[in-house]
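Take the sequence shown: its position 135, counting from 1, is numbered 135 in UniProt numbering, and each next residue is one higher. Glycine is no exception: its CB is placed at the ideal position from the N, C-alpha and C atoms. Worksheet: the structure to be examined is printed underneath.
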Amino acid sequence: YSEEGTTHGDIRPSDAASQLKNKNVQVIGANCTLGPQALLPILQELAAVDDIRTSGMPNAGFPKREGDRIVYPKSSPQYFARFAREAAALGVRILGGCCGTTPAHIQAMAEAVKSLRPAKAHATSPVAVEAVAKAAPVSHREPESRFWKKLKKREFAICLEIDPPKGLALDRIFEQVDKVMASGKVDAIDINSGAMARVGMDALVVAGALEARGVETIPHLTTRDQNIIGLQAALLGAWTVGGVRNVLAITGDPPSVGDYPETSGVYEVDSVGLVKVLNRLNQGTDWAGKTLGGATNFAIGVALNPVADDLDNEIARFHAKVEAGAHYAMTQPLFDPEHWHAFLKKFGEKPPIPILIGVWPLNSYKQALRLNNEVPGMVIPEALLKSMEAAGAAARDCGFQVARQMLAWARTELAGAYIIPPFKRYEEILEIL
């Protein structure tokens, strides 16, 4: 039970006891999580259910971490003796202690109640506890972001992908984004999150700053850096405070490829699990099933790599993401329509959600060569590599022309595109739009 007086599934003790009684359960208890005082109201509700014996075994209190140890407060045996007497008076029949308790606590409780006869519990109304506002889970709703509405109307959407600053300054990003958005050719800014496991400003924070300037954003969120608690906290803040309405759920590059190879990734869930987290928030509950008193309405995006080495696994994961609640997908950058057509042949059907292609205007032959050989998930056709090599000083013209061609093709078959600017020069994408 939580401090709000309900289970993680948001069920009150009296309701839980009644349901379990109907399954011929003879003893119902509450243990762990809470300390003695917080557990008493819960036990009062449980004990009030007729023909059920009740058990109560509290923790010593709330734990904290000290170094590599989990430490509980030093609740005295006398404190637990007092709890035992109060619980017995409520009709609790079985008493004990959980985390942080010792034989001395058990002995004190035994001494406190050994002369008492078990009290008969009296029916009582649910004990009033301070709780978050409760609401029934919200039924499925269509996301309301401008970006999603454009996809639903089958209007081709254009996004600019940016990296958050590595340091403290956002001014240059604001200036460049403002110029691109003023063109009227870009619908949203999608924001990387720790690409290649390198440190940058938090994508959700950057997104909130841009949203405050009237710019729609699609921040990436990786499961590498936070556990489920942190992910949910970040998302609730991004929705409520930052005004973020779209999120791209990704697993994230492992720390071993970045600047901190000695660190460990969290990865409590992968991108499929993160989509489930987002979908739960959209339904008005957290991961533990507790109601939020409202609901988010994120448009949930996922990654898709049509040129993955293991396409069977990529397709299986794509299906899992869609089943978990994904609304749209963004591909790795592609440089040949045939790569997409080959994927579709393997996939065997029309994708069930809108797909945005990644478009990367290549700036030089060296850049193309490095991406093809050193960056995971990137496949640049041999013919394009040869063309850019042969072009010499005009390699940029060649790379940008291919980007224009990919964009023109995508308009005929896909829902949209996100464009990666050459060397963070955002305005250069306008050359292909």
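Roughly how many angstroms separate the alpha carbons of residue i and residue j, rounded to a whole number?
| i | j | result |
| --- | --- | --- |
| Pro41 | Phe83 | 12 Å |
| Asn305 | Glu314 | 7 Å |
| Thr33 | Lys114 | 26 Å |
| Tyr328 | Leu344 | 16 Å |
| Gly97 | Ala112 | 14 Å |
| Thr412 | Pro337 | 11 Å |
| Ser139 | Glu389 | With a pLDDT of 48 at Ser139, under the threshold of 50, the modelled position of that residue is not reliable, and no figure is offered here. |
| Pro381 | Leu168 | 38 Å |
| Glu427 | Gly184 | 12 Å |
| Ser271 | Ile228 | 12 Å |
| Ala233 | Ala48 | 36 Å |
| Glu3 | Ile250 | 33 Å |
| Gly386 | Gly301 | The residue asked about is misnamed: residue 386 is Lys in this sequence, not Gly. Using only the alpha carbons, I get a separation of about 34 Å. |
| Glu431 | Leu311 | 33 Å |
| Pro421 | Pro143 | 28 Å |
| Ala123 | Asp202 | Residue placement at Ala123 cannot be trusted, given a pLDDT of 47 that sits under 50; what the coordinates show is reported in the next sentence. Looking at the two C-alpha atoms, the distance is approximately 52 Å. |
| Asp397 | Met181 | 24 Å |
| Ala316 | Val322 | 10 Å |
| Val307 | Thr331 | 9 Å |
| Leu371 | Asp253 | 16 Å |
| Lys424 | Gly399 | 16 Å |
| Leu20 | Lys290 | 20 Å |
| Thr222 | Lys179 | 28 Å |
| Gly61 | Leu43 | 16 Å |
| Thr6 | Asn373 | 54 Å |
| Arg69 | Ile106 | 23 Å |
| Gln401 | Pro165 | 29 Å |
| Lys150 | His339 | 26 Å |
| Thr263 | Gln226 | 13 Å |
| Asp196 | Leu39 | Here the sequence assigns Met to residue 196, which means Asp is not the residue at that position. About 46 Å. |
| Gly293 | Gly284 | 7 Å |
Less than 9 Å between the beta carbons of residue i and residue j, yes or no?
| i | j | result |
| --- | --- | --- |
| Ala368 | Ala324 | no |
| Val359 | Tyr418 | yes |
| Met406 | Phe335 | yes |
| Leu278 | Thr296 | yes |
| Ala415 | Pro354 | yes |
| Leu46 | Gly35 | no |
| Tyr267 | Arg224 | yes |
| Gly100 | Ala288 | no |
| Leu356 | Val186 | no |
| Ala110 | Ala89 | no |
| Gly237 | Gly194 | no |
| Asn31 | Arg141 | no |
So if DSSP puts residue i in a beta bridge, which residue, or which two residues, is it bridged to?
| i | result |
| --- | --- |
| Met330 | Ala303, Leu356 |
| Glu323 | Per DSSP, none; premise fails for Glu323. |
| Cys159 | Ala188, Tyr418 |
| Met57 | Asn31 |
| His220 | Leu248 |
| Leu204 | For Leu204, which the question treats as bridged, DSSP gives no partner whatsoever. |
| Arg82 | Per DSSP, none; premise fails for Arg82. |
| Val71 | Lys64 |
| residue 446 | Absent from the structure is residue 446, since the part of the chain shown begins at 1 and ends at 433. |
| Ile429 | Its beta-bridge partners do not exist; DSSP assigns none. |
| Thr285 | Thr291 |
| Ile94 | Ser55 |
Comparing alpha-carbon positions, which option in the options lies nearest residue i?
| i | options | result |
| --- | --- | --- |
| Leu204 | Lys179, Glu111, Leu248, Tyr328 | Leu248 |
| Asn363 | Ala403, His339, Pro337, Gly377 | Ala403 |
| Gly243 | Val272, Phe298, Leu414 | Phe298 |
| residue 448 | Arg280, Thr251, Ala81 | With the chain running from 1 to 433 in the structure shown, residue 448 is simply not present. |
| Ala303 | Gln78, Gln44, Arg141, Ile218 | Ile218 |
| Lys350 | Asn372, Ile11, Phe318 | Phe318 |
| Ala108 | Pro77, Ala89, Glu142, Pro421 | Pro77 |
| Val269 | Lys179, Gly230, Ser256, His8 | Gly230 |
| Gly208 | Phe156, Val186, Leu235 | Leu235 |
| Arg117 | Glu86, Ser145, Ala104 | Glu86 |
| Tyr365 | Gly392, Tyr260, Gly293, Pro164 | Gly392 |
| Arg245 | Ala119, Ser145, Thr6 | Ser145 |
| Leu170 | Arg141, Gly200, Trp148 | Gly200 |
| His341 | Glu374, Ile106, Asn59, Ala410 | Ala410 |
| Ala408 | Ala383, Phe156, Pro164, Lys64 | Phe156 |
| Pro361 | His339, Leu384, Pro376, Asp15 | Leu384 |
| Asp51 | Arg154, Lys64, Ala17 | Ala17 |
| Ile241 | Val206, Ser256, Gly265 | Here residue 241 turns out to be Val, not Ile, going by the sequence shown. Comparing Cα-Cα distances from Val241 to each of Val206, Ser256, Gly265, the minimum goes to Val206. |
| Asn59 | Asp15, Ile11, Tyr1 | Tyr1 |
With respect to 8 Å, is the separation between the Cβ of residue i and the closest non-hydrogen atom of the ligand GTP below this value?
| i | result |
| --- | --- |
| Pro143 | Questions concerning the ligand GTP fall outside what the structure shown contains, since it holds no ligand whatsoever. |
The stretch 172 to 191 touching the stretch 200 to 213, judged by at least three CB pairs closer than 8 Å: Short answer: they touch.
- prompt: With contact counted as at least three CB pairs below 8 Å, one residue from each stretch, are the stretch 48 to 59 and the stretch 80 to 94 in contact?
  reply: Put simply, the stretch 48 to 59 touches the stretch 80 to 94. At least three CB pairs are less than 8 Å apart.
- request: Taking 8 Å as the threshold, find out whether the stretch 19 to 27 comes into contact with the stretch 71 to 78 through three or more Cβ pairs.
  value: In this structure the stretch 19 to 27 does not touch the stretch 71 to 78; the number of beta carbon pairs closer than 8 Å is below three.
message: For the stretch 186 to 197 against the stretch 158 to 171, do three or more pairs of beta-carbon atoms, one drawn from each stretch, fall closer than 8 Å, so that the two count as touching?
response: Output reads yes: the stretch 158 to 171 touches the stretch 186 to 197.
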